[in-house]
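Numbering (the UniProt record's numbering), first residue to last: 1 to 520.
(1) Is residue 524 helix, strand or coil by DSSP?
(2) How do the region 286 to 305 and the region 226 to 233 stand: do at least 3 beta-carbon pairs fall below 8 angstroms, yes or no?
(3) Check whether the Cβ atoms of residue 87 and residue 159 lie closer than 9 angstroms to each other.
(4) Does the distance from the C-beta atom of residue 357 to that of residue 304 stay below 9 angstroms?
(5) Suppose the cutoff is 7 angstroms on Cβ atoms and the five residues either side in sequence are ignored; what does the same chain contact list for residue 3 look like?
(6) Could you tell me the alpha carbon to alpha carbon distance between residue 491 and residue 409, rounded to whole angstroms?
(7) Looking at residue 504: is its Cβ nearer than 9 angstroms to the Cβ of residue 167?
(8) Can you tell me where the beta strand (DSSP E) holding residue 460 begins and where it ends?
(9) Pull up the distance between the alpha-carbon of residue 221 and that of residue 201, whole angstroms please.
(10) For residue 108 and residue 125, what's the separation of their Cα atoms in angstroms?
(11) In this structure, how does DSSP classify residue 502 when only helix, strand and coil are distinguished?
(12) Looking at the structure shown, is residue 414 part of a helix, part of a strand, or coil, going by DSSP?
(13) Going by C-alpha to C-alpha distance, which of 473, 178, 224 and 194 sits closest to residue 207?
(14) Buried or exposed, going by whether 16 or more other CB atoms sit within 10 Å of the CB of residue 312?
(15) Taking DSSP as the reference, what is the three-state secondary structure of residue 195?
(16) Need the endpoints of the beta strand (DSSP E) that residue 373 sits in, please.
(17) Based on Cα-Cα distance, which residue from 280, 95, 67 and 134 lies nearest to residue 145?
(18) Tell me which residues share the same chain as residue 173 and place their Cβ nearer than 6 angstroms to its Cβ, disregarding the 5 neighbours each side in the sequence.
(19) Identify the continuous beta strand (DSSP E) that holds residue 264 and give its terminal residues.
(20) Going by beta carbon distance, what residues of the same chain come within less than 7 angstroms of residue 213, once the five residues before and after it are set aside?
(21) Going by beta carbon distance, what residues of the same chain come within less than 6 angstroms of residue 266, once the five residues before and after it are set aside?
(22) What does the Cβ neighbour count give for residue 95, buried or exposed, with the cut at 16 atoms within 10 Å?
(23) Take every Cβ of the region 460 to 475, pair it with every Cβ of the region 134 to 143, and state whether three or more of those distances are shorter than 8 angstroms.
(24) Going by C-alpha distance, which of 98, 353, 73 and 105 is nearest residue 90?
(25) Assuming residue 325 contacts residue 449 (C-beta within less than 8 angstroms), just tell me the rounded distance between them.
(26) Quickly, what does DSSP pair residue 169 with across the bridge? List them, please.
(27) Using DSSP's beta-bridge definition, name the partner residues of residue 326.
(28) Kindly indicate which three-state DSSP category residue 476 falls into: helix, strand or coil?
(29) Roughly how far, in whole angstroms, is the beta-carbon of residue 445 from the beta-carbon of residue 430, given that I think they are within contact range, below 8 angstroms?
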């Protein structure tokens with residue numbers, strides 16, 4: 001895995017010159033951003049002369065902690081009564097987090113708040129069933145550990161029946177959330193979490209099928225330091241059958257997630273937890289799209305949702321990437337998404353299979369995929385089948401990814417890892433599983449065809465680890481940027497439950513700062 005700052009010890013040789021320039025380079029384990037800063041104290045005394053020589057002093061900066069916020073346990077607000085007709089659900093949840101040292105000899109620490117902590121000099125994995133809100137990862141080395149986490153919740157009864165999973169997120173100042181609705185029987189709860197030390201003011205915007213939706217008195221939300229705030233979108237943007245959100249924070253950084261839940265009368269119609277898609281772009285990719293059988297006339301089917309936040313119409317093309325390459329499903333003319341609107345493209349009638357969806361447009365758009373799983377009816381309403389749904393965001397391709405598989409072997413019974421090419425030239429990829437014991441499995445090499453995607457089954461992954469060790473995540477590395485996601489499944493008496501966890505890029509951001517000053 002690539003390490004930042006590996007060439008920091010290379011220094012230019014001294015040379016002749018009237019003055020001498022001294023440069024200080026500061027490197028820490030956080031991307032590599034190079035900033036040149038000229039120090040001009042007493043400028044009138046500086047020689048206005050020819051070129052001067054340079055040398056560099058490397059200053060080690062301690063690794064900054066990595067802070068992730070994780071999903072809370074689902075709940076049904078204002079549920080009353082008890083028994084099988086009450087709508088309440090028995091929800092079980094687990095959160096897994098891992099931290100991997102960069103050099104192998106530094107001590108790393110993972111703290112879940114709440115949930116406990118652990119520190120050691122090796123790959124480190126910690127799990128909790130208390131739905132921790134924050135995971136903090138620290139190291140005594142020069143580079144931040146490779147850190148990732150995810151949570152999964154499962155309910156086999158009540159309004160929240162289904163599987164909902166989400167990656168733990170890095171805080172930021174900008175997030176786009178695509179999915180959900182606020183019509184009758186639907187809920188969309190926005191959660192804003194501020195793990196930092198300063199309060200954040202968050203501006204919220206919403207769009208629906210016909211344009212931007214004015215929010216009922218809640219366009220800005222103050223999120224105090226170390227706290228979370230929730231906003232029920234059905235209360236401030238009611239009756240939107242298609243929904244997309246943009247949140248923008250100032251004063252501090254936050255994470256944003258959207259918990260969606262739908263009912264069809266008395267019957268659970270699916271639940272999931274949405275995390276942010278990538279920012280508006282002309283090209284984006286959504287991995288992890290595993291489709292079952294459907295016909296072109298199905299009214300309830302998986303779909304691609306697209307927000308056009310701009311002021312011009314966007315012509316959009318959709319391609320399915322698979323092991324045989326790309327297949328265009330939008331026709332040569334594509335689809336036109338009007339400015340400021342949210343639009344759905346049904347995937348009904350698409351052949352069953354494992355795909356990534358590529359979204360191309362002549363204007364920047366934001367996208368996500370909703371997967372639908374149909375089950376059997378309940379005794380309460382024998383004419384209405386239960387549904388479960390999973391929302392998959394567009395993701396940012398990277399050469400180093402961690403794909404978490406939370407709850408595998410416990411709440412989650414099946415997993416399928418989907419990895420997509422983003423270069424149109426194919427890619428070689430290496431997969432390395434990480435177990436709950438903090439050990440690595442055997443590497444698996446795979447070839448992704450140009451404009452294609454490959455699926456790695458649970459059986460393939462299990463064969464890479466010893467015995468029945470539980471896999472909590474998979475390291476995905478390549479020379480070329482890739483997109484990846486894990487589709488999680490479980491089965492109860494009524495049918496299949498489904499959710500997904502997108503791959504998380506390496507969160508390390510290294511800084512390199514050159515300070516240059518002259519001495520006469």
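Virtual Cβ for every residue (Gly too), placed ideally from N, Cα, C.
The relevant details are as follows:
(1) It is not possible to answer for residue 524, since the shown part of the chain is limited to 1 through 520.
(2) With a cut-off of 8 angstroms, the region 226 to 233 and the region 286 to 305 do not count as touching, because too few Cβ pairs lie within range.
(3) Note that the C-beta distance between residue 87 and residue 159 is below 9 angstroms.
(4) Yes.
(5) Because residue 3 sits at a pLDDT of 33, beneath the cut-off of 50, its placement in the model cannot be relied upon, and the following sentence gives the value as read from the coordinates. For residue 3, where only same-chain residues beyond five positions count, the Cβ hits under 7 angstroms are 102 and 143.
(6) Rounded to whole angstroms, residue 491 to residue 409 spans 12 angstroms at the Cα level.
(7) At a Cβ-Cβ threshold of 9 angstroms, residue 504 and residue 167 count as neighbours.
(8) From DSSP, residue 460 is part of no beta strand (DSSP E) but of the alpha helix (DSSP H) over 458 to 462.
(9) About 6 angstroms.
(10) Whole-angstrom Cα-Cα distance: 11 angstroms.
(11) Here residue 502 sits in strand by DSSP.
(12) The three-state reading of DSSP puts residue 414 in strand, counting E and B together.
(13) It is 178 whose Cα lies nearest to the Cα of residue 207.
(14) By the 10 Å Cβ count, residue 312 comes out exposed.
(15) If DSSP states are grouped into helix, strand and coil, residue 195 belongs with coil.
(16) Following the DSSP letters along the chain, one finds residue 373 inside the beta strand (DSSP E) bounded by residues 353 to 378.
(17) Looking from the CA of residue 145, the closest CA among 280, 95, 67 and 134 belongs to 67.
(18) The residues are 249 and 253.
(19) Per DSSP, residue 264 is one residue of the beta strand (DSSP E) stretching across 255 to 264.
(20) Non-local C-beta neighbours of residue 213 in its own chain, meaning closer than 7 angstroms and more than five positions away in sequence, comprise 206, 207, 237 and 240, ordered along the chain.
(21) Counting only Cβ-Cβ distances below 6 angstroms, and skipping sequence neighbours, we find 380 and 381.
(22) Classification of residue 95: buried, given that the 10 Å Cβ count is 16 or more.
(23) Inter-segment contact for the region 460 to 475 and the region 134 to 143 is absent: fewer than three beta-carbon pairs are separated by less than 8 angstroms.
(24) Comparing C-alpha distances from residue 90 to each of 98, 353, 73 and 105 shows the shortest one belongs to 73.
(25) Sure, about 6 angstroms apart at Cβ, within 8 angstroms.
(26) Beta-bridge pairing links residue 169 to 69.
(27) In the DSSP assignment, the residues bridged to residue 326 are 321.
(28) Residue 476 sits in a strand when the DSSP states are folded into three classes.
(29) With a Cβ gap of about 6 angstroms, residue 445 and residue 430 count as contacting.
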